[in-house]
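Numbering (our numbering), first residue to last: 67 to 360.
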Ligand SMILES: C[S@@+](CC[C@H](N)C(=O)[O-])C[C@H]1O[C@@H](n2cnc3c(N)ncnc32)[C@H](O)[C@@H]1O
């Protein structure tokens, strides 16, 4: 990324604020919920091999809204099971929000939560150091592979933890989304080389194809209202722009050329549609489901 710019991930408080606003302005969680209720049940039905206890690992769980919906589907497909759920999340604020939400739901007493305030790579180191032999029935990484240095190595490690019939679920933005176009155009200026950041499901599929790893994939249509980004000085627009570019205070720190170029691209037909005075960005997601390596 341009040396004058700071990555948004360096400021967790602003990152979480901009992520929250992104959730409010997009159909991100709605489209995931549709997938969880319509497609995921069949995927979950095949895990577990009839066991009465299932091991789940959530990586980059955030405040856990989506995790809890998936756990509820899991319970419906496997009534009577108990669940051990390892949560891997480096943000203390998000982990706290997740814990509060769990403490308010008595119906989750069939799940034992283990709270790992750490990154995916710290979890990997911790797992190896403890020489853990536990296998997982369901592992998910939802919108988090942007933040690891080596997505292929992260996928390989977590895939190696799968039990027979276990499933690893990855959700990222689709290569066909506005994000894909933005990153193909401004990768060098915006993307942080210390972490992979600008990765789409297209990139992950290419990696898996090159290694001959089998997977199933799904596309989830989703949108994001980015109209406020085009009002100079609008506080929410600036927060959304930070989330879109993953640059801290993008409006104030990017060069005028970069700012103009990014704003033009964001409303370009390859990224957005304009209707009724609104600019609606293509936030389509991709889902990849993998099994144990054979
Ligand atoms: C875009 S949010 C997604 C949260 C949640 N999965 C969802 O979809 O609502 C990304 C999450 O990944 C977490 N994260 C960032 N870097 C990480 C890393 N290296 N390993 C694991 N999680 C990470 C962030 O703290 C954040 O909660």
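Glycine included, each C-beta is placed from N, C-alpha and C at the ideal position.
Computed from a predicted structure; not experimentally measured.
A straight line joining the alpha-carbon of residue 218 with that of residue 236 spans about 12 Å.
The alpha carbon of residue 207 has as its nearest neighbour, out of 189, 199, 223 and 234, the alpha carbon of 234. For the pair residue 202 and residue 227, the CB atoms are nearer than the 7 Å cut-off. Ligand 1 never approaches residue 313 closely enough for any of its heavy atoms to be under 6 Å from the residue's Cβ. Distance between residue 193 and residue 125, taken at the CA atoms: about 13 Å.
Cα atoms of residue 163 and residue 213: separation of roughly 20 Å, rounded to the nearest angstrom.
Restricting attention to 320, 178, 230 and 131, the CA atom closest to the CA of residue 152 is found in 178.
Here residue 121 is buried. Its C-beta has 16 or more other C-beta atoms within 10 Å. Restricting attention to 117, 282 and 242, the CA atom closest to the CA of residue 349 is found in 242. A Cβ-Cβ contact shorter than 7 Å links residue 68 with residue 255. Counting along the chain, the unbroken alpha helix (DSSP H) around residue 108 starts and ends at 106 to 111. Note on geometry: alpha-carbon atoms of residue 95 and residue 136 lie some 12 Å from one another. Contact between residue 244 and residue 266 is absent: CB atoms are separated by about 11 Å, not below the 8 Å threshold.
Fully contained in the segment 116 to 204 are the following beta strand (DSSP E) runs of length 3 or more, in chain order: 119 to 125, 148 to 154 and 177 to 182. Residue 271 holds the alpha-carbon nearest to the alpha-carbon of residue 280 among 271, 287 and 131.
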